[in-house]
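**Student:**
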Amino acid sequence: MDIRRLEVFCKVVDLGSFTRAAEAALLSQPSVSEHVRSLEEHYNEKLIDRLGRRAQPTHAGKILYQYARRIIQLKEEADQAIRQFQGNLAGKLAVGASTIPGAYLLPQQIESFKATHVSVELMLKIAGTSQVVDDVLQGSLELGLVGTLWKDQRLECEELFSDELVLTVYPDHPWATRPSVYPGELLDVPFILREPGSGTRIEMTKSLKDAGVESSHFRVVAEMGSNEAVRQGVRSRIGVAIMSSLSVAEDIERGTLVSVPINGLTMPRSFYLVQRRNRQLSPLALAFYDHLKQSIKLVTEEA
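Position 16, counted from 1, in the sequence shown is what my numbering calls 16; the numbers after and before it change by one each time, with no gaps.
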């Protein structure tokens, strides 16, 4: 079986379109259709349903997709292993991160890694914690960096660095000049939340519940899908929010946002490197894993 056909088939499934798959694979659309047709003839099964402009895998297609991903990954690992043996680490690596480490930590680490491995193509996918975990479990990502300890026996989670969640308000908010507020007062103000499934929201909910405050009783004025959107929402005086101190450090330094202590409550938060249990990391993923651990260690020691 031609691995190239499997790669093209996976592009169609991933992108949900023959046209977009052709663009991504640098092929004509008829060539993409021919690759899929050859696979369908090989298995004597329809693999892709065309639903208008959408292309979706059939049940047989979903089965093949899981195995095709593993075959492609093994080929990539073999290529990387030979290049590593030759002293020239190269190849493609996809890693995932939730929004805080994805926006404020990993870009610098990726840049420094690529500076010493110029032949490497490294793709960073930023998504909610639950999506990153799902992608690691499905095998489309080898490594993920997330903001909550995910309890799943199929995962290995390693604490990498620590942060803290802080109550954040705009400068002329009545709380901005107070030395602290009580946990129960959080129920009295307009509140901006991250979307369900985000690590920030999960950790915030746990900490507040331990303090006797149910976040489900907040006066929620907005749920936003990114930390940047929440930050801009607070700056625009839509409401207050509980956010990563890492994400608002520059704003607090400049005075465009203010962090307010919550009386008797701190919300420390750890970030975890996750990988699929019992999955052997590719040489490239292993090199990036080691680089990330060493870099974070240096940053922590300097701090």
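No residue lacks a Cβ here, since even glycine has one placed at the ideal position from N, Cα and C.
So, is His117 buried or exposed, given that buried needs 16 or more other C-beta atoms within 10 angstroms?
**Tutor:** With 16 or more other Cβ atoms within 10 Å, it is buried.
**Student:** Could you check the C-alpha separation between Glu195 and Ser244 for me, to the nearest Å?
**Tutor:** Straight-line Cα distance between these residues: approximately 15 Å.
**Student:** Helix, strand or coil for Asp49, going by three-state DSSP, please let me know.
**Tutor:** Reduced to three states, the DSSP call for Asp49 is strand.
**Student:** Determine, using beta-carbon pairs with one atom in the stretch 66–80 and one in the stretch 147–164, whether at least three such pairs fall under 8 Å.
**Tutor:** No: fewer than three Cβ pairs fall under 8 Å.
**Student:** Which one of Leu26, Ser28 and Val36 has the shortest CA to CA distance from Cys10?
**Tutor:** Here the closest residue by C-alpha is Val36.
**Student:** For the beta strand (DSSP E) that Glu164 lies in, which residues bound it at each end?
**Tutor:** Where Glu164 is concerned, the enclosing beta strand (DSSP E) stretches over Leu155 to Val169.
**Student:** On the CB-based measure, 16 or more other CB atoms within 10 Å of its CB, does Arg50 come out buried or exposed?
**Tutor:** Exposed, because fewer than 16 other Cβ atoms sit within 10 Å of the Cβ of Arg50.
**Student:** With DSSP collapsed to three states, give me the class of Arg54.
**Tutor:** DSSP places Arg54 in strand when its eight states are reduced to three.
**Student:** Entirely within the stretch 83–123 and at least 3 residues each: give me those beta strand (DSSP E) ranges in chain order.
**Tutor:** Counting only runs of 3 or more, we get 91–97.
**Student:** Do you know how far the Cα of Ile71 is from the Cα of Ser282?
**Tutor:** Looking at the two C-alpha atoms, the distance is approximately 13 Å.
**Student:** How far does the alpha helix (DSSP H) with Glu18 in it extend, from its first residue to its last?
**Tutor:** Looking at the sequence provided, one finds Phe at residue 18 rather than Glu. Segment Phe18 to Ala25, the alpha helix (DSSP H) holding Phe18.
**Student:** Give the secondary structure of Ile238 by DSSP, where H, G and I count as helix, E and B as strand, and everything else as coil.
**Tutor:** Correct three-state label for Ile238: coil.
**Student:** If we call anything under 9 Å between Cβ atoms a contact, is Tyr67 one with Pro57?
**Tutor:** In this structure, Pro57 does not lie closer than 9 Å to Tyr67 by Cβ.
**Student:** Considering only residues of the same chain and omitting the five flanking positions on each side of Ala303, which have a CB-CB separation below 7 Å?
**Tutor:** Note that Ala303 scores 48 on pLDDT, short of 50, meaning its location in the model is unreliable; the coordinates nonetheless yield the value given after this. Cβ within range, chain order: n/a, list empty.
**Student:** What residue from Arg269, Val260 and Leu246 has the CA that sits closest to Leu105's CA?
**Tutor:** Taking only the C-alpha atoms, the option nearest Leu105 is Leu246.
**Student:** Would the beta-carbon of Val240 fall within 9 Å of that of Val248?
**Tutor:** For Val240 and Val248, no; Cβs fall outside 9 Å.
**Student:** Using only alpha-carbon positions, find the residue among Thr168, Val136 and Ala60 that is nearest to Tyr272.
**Tutor:** Out of Thr168, Val136 and Ala60, Val136 has the C-alpha closest to the C-alpha of Tyr272.
**Student:** Does DSSP put Val189 in a helix, in a strand, or in coil?
**Tutor:** Residue state, collapsed to three classes: coil.
**Student:** Is the beta carbon of Met267 less than 9 Å from the beta carbon of Leu143?
**Tutor:** Not closer than 9 Å, so no.
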